[in-house]
Amino acid sequence: MSAGQEAEVVLRLDRISKSFGALKANDAVSLTLRRGEVVALLGENGAGKTTLMNILFGHYVADEGEVQVFGQPLPPGNPRAALAAGVGMVHQHFTLAGNLTVLDNIRLGTEGLWSRSHSGARDKVERLSRDFGLAVHPDAKVGRLSVGERQRVEILKALYRDARILILDEPTAVLTPQESDALFATLRKATALGLSVIFISHKLHEVMAIADRCVVLRHGRVVGEVDTQTTDKGALAALMVGGELSLPRAEARVAGPVLMRLDGVSTPDRGAAPGLKAVTLDLRAGQITGLAGVSGNGQAALAEIVGGLALPASGRIVLKDTPVTRWSPGEALARGVARIPEDRHHQGSIADFDLTENAVLEGYRTRFSRRGWMNWRAARAFAEGIIKGYDVRCPGPDTRIRLLSGGNMQKLILGRAMAPGPEVILANQPVRGLDVGAIAYVQSQLIAARDRGAAVLLISEDLDEIMGLSDVIHVMSQGRLSPGFTRGTMTAAELGLWMAGQKFGDADAA
Amino acid sequence: MRLEPIANPSPARRLGLPALALVATLGVAMLLALVAGANPFAILGQIATGALGSKLAILETLNRATPLIFTGLAIAVAFRAKLWNIGAEAQLYAGAIMAVVLGTGALGSPLVLPVSALAAMLAGAALLLGPVLLKTRLGVDEVVTTLLLNFIMLLFVSYLLEGPMKDPMGMGWPKSTPLIPEARLPRLVEGLRLHWGFALAIIAAVIVWVIQTRTTLGFEIRAVGQNPEAARFAGMPVNAVMVKTALLSGGLAALAGWSEVAGLKGHLSSDLSPGFGYTGIIVAMLALLHPLGVVVTAIFVAGIFVGSDAMSRAAGVPTYIADMLLATALLFMVLAILLTKVRVVRG
């Protein structure tokens, strides 16, 4: 798409600098956004993207520099002014009230306490959702909507407030590929109607697909500004991390004995989420087993079974030919099952605990205490070992983990899981939301664990990741598990048919 | 107006705001005194002298602080695990009952004191066991169950004092048979009114502090309180930790009642506690749930009560001023603590 160099400049960030103590989060960052243009803001975690957007939106006050919207300087530190000037932001974590309807959520905060002009609002929302292809029912309760639909509500909310500039913070992190495509279609309609978009992401292929221009931040500075027409993914990745980088690909290996087997395991459905339907799965030594599938097709139930958080309603869990009789997270750990949880913020770590305390969460009973007394000296040394061995960037083991970026948090969790030398490793969405550097690191560690003879179960919604790393691929759909396909025997399109559930029907009919 | 988090609050902010809260509390106190028709400055002076002005006053304050340290610790332990024990008052009376049951002749020296203390702790723990099991097994809100147990317990005590435990020599007053001398806690210093309960309370605070910072149980309690989902994922027995926390909390609250009967009163009556169980919540919150901080805030709160009593006698201002003072102190302190973490931004 050609926005044209002559198009009006709608937003200008002029040499924005912001320091937090010794850290320069933004160092003279300048950025312009023109009418009808999508600019991608690209950078690793901690590169300063979020700080910059928070300054634009008035959450932080810049130390130096100026923000101009439609030629007018924006008063610093005033989110209302940003809203009034036509800047709308869709955060990664939605700010919606689940017990209210879509319409009420959109109206919330825009109208006075006593005004009751419902019909005008409804007309406007319906018109916007038609114009921008944002299909969602105004009277639906937000709590019942899917993640993709909630994001549409957030975008509608911004449009309803007459936003002319949309900022989307990692919008596709929570979406399925189909939902991402729908979002991109919406963004194309929006720019055609004259809106401008800042698109924050680390997913390079999306940036290439949707953005006109791309501004790359590293360590708080702009290190590159390129037209997506004239660049490629490799060049962008190199800009982001400051050097050439390629994601690891695992070479095939001969598999060893079965270390863990699920034998006809079923679990009850939970609301809309399907339970497991007589799933039989072998996890072999020296093998990465990839589990592909659209989110919400029973992967969570499978991860709970493997990780010790749930018991099968029927069927057996067999560890090295011995069926387990007692099964809990502690039992799983004791039997050599390491877990990298899907949600590192709520399951994998305790936000206000420091790195030492988080590092020993799983091993404090067996390795860092005696007769009920904690050995904090050993715990601290262990945390320091992880920090060094896994390149966790932090001020030290006494730092609260909430202050770490997602990638560094994940490295600590990885180090904690790998420390006891596990035989089975459950990696549930291990690289979701991470930047390229951290992704490469986490994946190479999983491959290294496989090469040491561990059985790795990799659950991911990213088909590229599954196909790049797995020795054997299974697909889940509606709680059913496909047969295992050896690496290289299936194309993405064929796996896609399994993901959509069509192939299961064939198998049932046969 | 919005709240913006502060990444690293300055020491001036962290110390200055709580100090400001205290000053604001004093301001409100003076306003109240003015409303009551007295000289505000004189009243503050009288509260201070009443609490700290003489050796006798100080000892009285420390005596009054003793049950507050125990109930404050009970609350601090429970709240740290996000177990909302509002029933310290009932657990206190459970401990007091055990002091009477075992201290009126059933046991002799030297067994009676340690055994009755242990029995008191078990009784308090048992009283919290029901609510915590209902919470962990069935998801019943422990705020409701522990709160209602307070009323049940108080009626049970009334029944005991009118019936089985009634002192035959009590001239008809609803109070229990007095403890035998061997069952009484000795004075800390001969000739002074301060009893051993105070020393035991401080020892208990140190023990709780050591448990919280040095033991696996303490680690588990903090983890379960901060994020039960992560604790469960990491293999912690979340429900068992909750039950252990409840037993510890109930036991500590019971010691408050036990030490009041064995150390101070020598008998049980239904006015043994003027709400020590509830005031313990204020004590624990003001101490930010820190066990050693509880000792300090308990003495502070006790000082306000004792000082207000003295002031009331001298100035004729009702002692309710103490309750209002504590309530405002708590509110201002909560606000001050919030404002050390966030700043208010206009816009």
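Note that the protein sequences, when read in sequence, are chains A and B. Numbering-wise (my numbering), the first sequence opens with residue 1 and increments by one. Numbering-wise (my numbering), the second sequence opens with residue 511 and increments by one. A virtual CB, placed ideally from N, CA and C, is assigned to each residue, including glycine. On a predicted model such as this, the values are computed, not experimentally measured, just so you know.
Beta carbon of residue i nearer than 7 Å to that of residue j
i	j	result
A827 (chain B)	A546 (chain B)	Just to set this straight, residue 827 (chain B) is Val in the shown sequence, not Ala. It is a contact, given that the beta carbons lie within the stated cut-off.
A82 (chain A)	G58 (chain A)	yes
G475 (chain A)	S482 (chain A)	In the sequence as displayed, the identity of residue 475 (chain A) is Val instead of Gly. In contact: V475 (chain A) and S482 (chain A) (Cβ atoms closer than 7 Å).
G264 (chain A)	A278 (chain A)	yes
T356 (chain A)	R380 (chain A)	yes
V650 (chain B)	L644 (chain B)	yes
N105 (chain A)	V142 (chain A)	yes
R590 (chain B)	G735 (chain B)	yes
L11 (chain A)	V69 (chain A)	yes
V793 (chain B)	V804 (chain B)	yes
S201 (chain A)	E37 (chain A)	no
Cβ neighbour criterion (16 or more within 10 Å) applied to residue i
i	result
R127 (chain A)	exposed
N99 (chain A)	exposed
A509 (chain A)	At A509 (chain A) the pLDDT is 46, less than 50, meaning the model places this residue with poor confidence and gives no usable figure here.
A493 (chain A)	exposed
K754 (chain B)	buried
E672 (chain B)	exposed
K565 (chain B)	exposed
R15 (chain A)	exposed
A84 (chain A)	exposed
T486 (chain A)	exposed
G4 (chain A)	Bear in mind that a pLDDT of 46 at G4 (chain A), under 50, signals an unreliable position, so the number given afterwards is only what the model happens to contain. Burial call: exposed.
E514 (chain B)	exposed
G298 (chain A)	buried
M858 (chain B)	For residue 858 (chain B) there is no data in the structure shown, the boundaries of chain B being 511 and 857.
W498 (chain A)	buried
V716 (chain B)	exposed
F20 (chain A)	exposed
G421 (chain A)	exposed
Chain-ordered chain B contacts of residue i [CB-CB under 9 Å]
i	result
P329 (chain A)	R742, F743, A744, G745 and M746
R127 (chain A)	The premise fails here: R127 (chain A) is roughly 30 Å from chain B at the closest Cβ pair, so nothing lies under 9 Å.
E44 (chain A)	Going along chain B, no residue has its Cβ under 9 Å from E44 (chain A), so there is no contact; the nearest lies around 21 Å.
L309 (chain A)	R742 and F743
S349 (chain A)	N737 and A740
S369 (chain A)	T725, T726 and F729
Below-7 Å beta-carbon distance, residue i vs any chain B residue
i	result
D63 (chain A)	no
D352 (chain A)	yes
H137 (chain A)	no
M1 (chain A)	The predicted position of M1 (chain A) is uncertain, since its pLDDT is 43 and thus under 50; a value taken from the coordinates is nonetheless stated next. Closer than 7 Å: no.
A509 (chain A)	Residue placement at A509 (chain A) is poorly supported in this model, since its pLDDT is 46, which falls under 50; the coordinates still yield a value, given next. Not one chain B Cβ lies under 7 Å of A509 (chain A).
Q410 (chain A)	no
S17 (chain A)	no
S346 (chain A)	Reading the sequence as shown, one finds His at residue 346 (chain A) and not Ser. Output row for H346 (chain A): interface = yes.
E423 (chain A)	no
L457 (chain A)	no
S196 (chain A)	no
V362 (chain A)	Correcting the residue identity first, residue 362 (chain A) is Glu in this sequence and not Val. Judged by the 7 Å Cβ criterion, E362 (chain A) is in contact with chain B.
L145 (chain A)	no
S405 (chain A)	no
S119 (chain A)	no
S30 (chain A)	no
Cutoff 7 Å: residue i Cβ touching any chain A Cβ
i	result
Q736 (chain B)	yes
A733 (chain B)	yes
E652 (chain B)	no
E739 (chain B)	yes
Where residue i meets chain B, residues with beta-carbon distance less than 7 Å
i	result
M374 (chain A)	R724, T725, T726 and F729
Y441 (chain A)	Ordered by position in chain B, no residue passes the 7 Å Cβ test against Y441 (chain A), which lies about 23 Å from the chain.
R365 (chain A)	T726
E342 (chain A)	None at all; the shortest Cβ gap to chain B is about 10 Å.
L333 (chain A)	G745
Chain A contact residues for residue i, given Cβ-Cβ distances below 8 Å
i	result
V855 (chain B)	G77
Minimum Cβ-Cβ distance from residue i to chain C less than 7 Å
i	result
E8 (chain A)	In the displayed structure, chain C is absent; the protein chains listed are A and B.
Runs of beta strand (DSSP E) wholly within the region 135-196 of chain A (minimum 3 residues, chain order): 165-169
Any alpha helix (DSSP H) of 4 or more consecutive residues that is wholly inside the region 659-730 of chain B: 706-724
4 or more residues per run - each alpha helix (DSSP H) lying fully within the region 25-75 of chain A: 49-56
Ranges of the alpha helix (DSSP H) found wholly within the region 754-813 of chain B, counting only runs of at least 4: 786-796
Ranges of the alpha helix (DSSP H) found wholly within the region 562-620 of chain B, counting only runs of at least 4: 565-590 and 598-613
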